[in-house]
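Okay, so here's the structure we're looking at.
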Amino acid sequence: MFYRNRYFYLIVWFWLSVSTVVSAQIITWTEQIPSSLSPFQGNIQTLAGLTGDRIFIYAHPKQNIQLPTFQAQQKIQGKYYSGAVIVPTSSQNIAKLLTHYRNYAGLFPTLKSAKIQAQQGNITQVKYQIHIPTPIPVLNFKEQVLMQHQYSNNSIATLVIDAPVPYGAGKIEWFDIGNQRTLVTITQWGDLNQPKGFLFSKILNAIPEAKLGIPGATNAFLLEALQRRYKISTTQNLKAGTLPEFQLSTAQRQKIVQLSQQSQEPVSFILSGYQVPYQQGTEAMRFSTSYQYLAQNPEQLKPWLQPPSFKSLFPRQIKNVQSKQLNPQQLDADYQVSVGLGVISIPFDFKLRFDYPNSLQNVFHAVGGDLKYIQGGMQLDAYGQGTVLKLTSAVKIHDQAPFLLRAMRSLPYHDMLPAIGGNTVLALKIKQRVK
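Residue numbering for the sequence shown follows UniProt numbering, beginning at 1 and increasing consecutively.
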């Protein structure tokens, strides 16, 4: 099923964020990156209300993108992805942290050093040293990336100058919302269709689905690092057999559907931690909930709630699916999976138990195999002439998993990023198939 890909989206994002640096002069650039507030008509409180105590991820409609690093007159159609989080500190503190680029080495995991290469007024070029150690030598990475930052009022626009993703740009913004709280947002785009270097090309050729999950996971990675700087990690207890729920007003739900309709991408929330009960005790897990608008009605989409359907979505990775009906509302599904990264192949098996409270909803959890900690569910809700697909999931590799899987535990936020990436990929793969 789609869970087997989630850890590899994380690896791919790390690799695609680094490269050998070339020297460059200050580039003249008038940034045209959309503000994170543009889908909200500039209303800070609307975005802050949706974000709450979560990380909020959403996409902008497709647009023509032109950067000074492109070949002359070249334009690329793409979608900027935004993310938002509220941190308990003043906007002045956020500005001080983010405009001192050397601080990034202590802020973002895997970033080991940040050295100023050139500066002209409010424009600064910075060389970043990235080191991603893993127990698998072929997956270790230690490289550099060159970026140009441009500070203006409450934002920093960034242009990628040299990286395995050769074309990219982003913007971080911060907004004071009172009571020593600041709304911080990140909006970014990178061209994943033209990776540089043999290794990166091999990885994306091996798992092209990763391109769907990387933008949202990138924002999640950066915002998670930022909120950990200011927030004390807390967890809530989750009752056995249940999934986290959070309340949305009618207006907020309508806005989420509108965002998904306009961008044709899922809208996601990354929740704070939960203690999930297991036989041996409880396990801390991070859930993500995603909403995807689909033009089809719920009855047309019901087959995608069944376990065998995922083999048709991921035929290169899922080698076999065997399901066993336990009763009219419950079945077990055994998945045999092999994921190739271009330089290494990772085989593993796992078993999920699916419960069906009704014909438009499933709830699942792991009951065997190499992935021990999986919880989630899918739900189809009618909306106008179409459907809102709701995906909730959490996945975490346990410390006794097979070696190749266990190696992923050495990567930052391994308990959070796979779920947001996996939700996004699954939603978009279903959307592609039902067109």
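By construction, the Cβ of each residue, glycine as well, lies at the ideal position given by its N, Cα and C atoms.
The structure displayed is predicted, hence computed values, not measured ones.
**Burial state of Ile344 (16 or more Cβ within 10 Å)** = Within a 10 Å sphere around the beta-carbon of Ile344 sit fewer than 16 other beta-carbons, which makes this residue exposed.
**Message:** Just to confirm before moving on: does the CB-CB distance between Ser91 and Thr182 stay below 8 angstroms?
**Reply:** In this structure, Thr182 lies closer than 8 angstroms to Ser91 by Cβ.
**Message:** Determine whether the beta carbon atoms of Arg286 and Ala419 lie at a separation below 8 angstroms.
**Reply:** Yes, Cβ-Cβ distance for Arg286 and Ala419 is below 8 angstroms.
**Asked** What's the call for Ser260, buried or exposed, on a 16-neighbour Cβ count within 10 Å?
**Response** That one is buried.
**Request:** Return helix, strand or coil for Trp174, following the three-state DSSP convention.
**Result:** Looking at Trp174 - three-state DSSP - the assignment turns out to be strand.
**In DSSP terms, what Thr124 is bridged to** = DSSP, once it has assigned bridges, lists Gln119, His149 as partnering Thr124.
**Prompt:** Taking the Cβ atom as the reference point for each residue, do Ile374 and Leu391 lie within a distance shorter than 8 angstroms?
**Reply:** Cβ atoms of Ile374 and Leu391: not closer than 8 angstroms.
**Message:** Leu204 and Pro195 - do their beta-carbons sit closer together than 8 angstroms?
**Reply:** Annotated as proximal: Pro195 and Leu204, with beta-carbon spacing under 8 angstroms.
**Prompt:** Which one of Lys202, Thr185, Lys171, Ile186 has the shortest CA to CA distance from Asn193?
**Reply:** The shortest CA-to-CA distance from Asn193 to any of Lys202, Thr185, Lys171, Ile186 is the one to Lys202.
**Asked** On the premise that Tyr101 lies in contact with Thr124, defined as a C-beta separation below 8 angstroms, what is that separation, rounded to the nearest angstrom?
**Response** About 6 angstroms separates the beta carbon of Thr124 from that of Tyr101, a gap short enough to meet the 8 angstroms contact definition.
**Asked** In chain order, what residues of the same chain lie with their CB nearer than 8 angstroms to the CB of Met416, ignoring the 5 residues before and after it?
**Response** The residues are Ala220, Glu224, Ile270, Arg286, Ser288.
**Prompt:** When you compare only the Cα positions, how much space is there between Ile44 and Phe175?
**Reply:** When rounded, the separation of the alpha-carbon atoms in Ile44 and Phe175 is 7 angstroms.
**Request:** Using beta-carbon positions only, say whether Pro307 and Leu360 come within less than 8 angstroms of one another.
**Result:** Not closer than 8 angstroms, so no.
**Item:** Whole-number beta carbon distance between Lys431 and Gln292, since they are thought to touch under 8 angstroms
**Value:** That pair is a contact at about 6 angstroms.
**Exposure of Phe14, with buried meaning 16 or more beta-carbon neighbours within 10 Å** = At Phe14 the pLDDT is 44, less than 50, meaning the model places this residue with poor confidence; the figure from the coordinates comes in the next sentence. By the 10 Å Cβ count, Phe14 comes out buried.
**Message:** Can you tell me whether Pro266 is buried or exposed? The criterion is at least 16 other CB atoms within 10 Å of its CB, across all chains shown.
**Reply:** That one is buried.
**Prompt:** Going by DSSP, what residues sit across from Gly168 in a beta bridge?
**Reply:** DSSP output for Gly168 lists Gly190 as bridge partner(s).
**Prompt:** CB Val126 to CB Gln120, shorter than 8 angstroms?
**Reply:** No, the Cβ-Cβ distance between Val126 and Gln120 is not below 8 angstroms.
**Nearest-angstrom Cα separation, counted from Gly170 out to Ala157** = For Ala157 and Gly170, the distance between alpha carbons rounds to 6 angstroms.
**Asked** Applying the criterion that 16 or more other CB atoms from any shown protein chain within 10 Å of the CB defines a buried residue, is residue 436 buried or exposed?
**Response** Examination of residue 436 is not possible in this model, given that the chain is present from 1 through 435 alone.
**Request:** Please classify Ile132: does DSSP put it in a helix, a strand, or coil?
**Result:** Correct three-state label for Ile132: strand.
**Item:** Ile232, buried or exposed, once every other Cβ within 10 Å from all chains shown has been counted against 16
**Value:** Counting other Cβ atoms within 10 Å of its Cβ, Ile232 stays below 16 and is therefore classed as exposed.
**Prompt:** Among the residues of its own chain, which have a CB less than 7 angstroms from the CB of Lys324, if the five just before and after it don't count?
**Reply:** Counting only Cβ-Cβ distances below 7 angstroms, and skipping sequence neighbours, we find Leu331, Asp332.
**Request:** Have a look at Ser35 and Leu222 and give me their C-alpha separation to the nearest angstrom.
**Result:** So the alpha carbons of these two residues sit roughly 17 angstroms apart.
**Request:** State the Cα-Cα distance for the pair Arg433 and Asp381, rounded to the nearest angstrom.
**Result:** The C-alpha of Asp381 is placed about 19 angstroms away from the C-alpha of Arg433.
**Message:** Looking at Thr89: is its Cβ nearer than 8 angstroms to the Cβ of Gln180?
**Reply:** Judged by their CB atoms, Thr89 and Gln180 are nearer to each other than the 8 angstroms cut-off.
**Prompt:** How should His365 be labelled, buried or exposed, when 16 other C-beta atoms within 10 angstroms of its C-beta is the threshold for buried?
**Reply:** With 16 or more Cβ atoms within 10 Å of its Cβ, His365 is classed as buried.
**Request:** Quick one: using the 10 Å Cβ neighbour count with 16 as the cut-off for buried, is Asp399 buried or exposed?
**Result:** By the neighbour-count definition (other C-beta atoms within 10 Å, threshold 16), Asp399 is an exposed residue.
**Item:** Buried or exposed by the 16-neighbour rule on C-beta atoms within 10 Å, applied to residue 466
**Value:** Residue numbering for the chain in the displayed model covers 1 to 435; residue 466 lies beyond these limits and cannot be assessed.
**Item:** C-beta atoms of Gly340 and Ala217 nearer than 8 angstroms
**Value:** Using a Cβ distance threshold of 8 angstroms, Gly340 and Ala217 do not count as a contacting pair.
**Val138 versus Leu404, Ala48, Val425, residue with shortest Cα-Cα distance** = Per the C-alpha coordinates, the member of Leu404, Ala48, Val425 positioned closest to Val138 is Leu404.
**Request:** Using alpha carbons as the reference points, say which of Leu111, Gly190, Gln275 lies closest to Val395.
**Result:** Closest option to Val395, Cα to Cα, is Gln275.
**Asked** Where do the N-terminal and C-terminal ends of the beta strand (DSSP E) with Ile65 fall, by residue?
**Response** Start and end: 63-65.
**Request:** Could you have a look at Ser233 and say whether DSSP puts it in helix, strand or coil?
**Result:** Residue state, collapsed to three classes: coil.
**Request:** With a cut-off of 8 angstroms on the beta carbons, I'd call Asp355 and Asp334 a contact; round off their distance for me.
**Result:** Not really, about 17 angstroms apart at Cβ, beyond 8 angstroms.
**Item:** Closest by C-alpha distance to Lys79, when choosing among Gly368, Val337, Gly168, Leu97
**Value:** In this structure, Gly168 is the residue among Gly368, Val337, Gly168, Leu97 with its C-alpha nearest to the C-alpha of Lys79.
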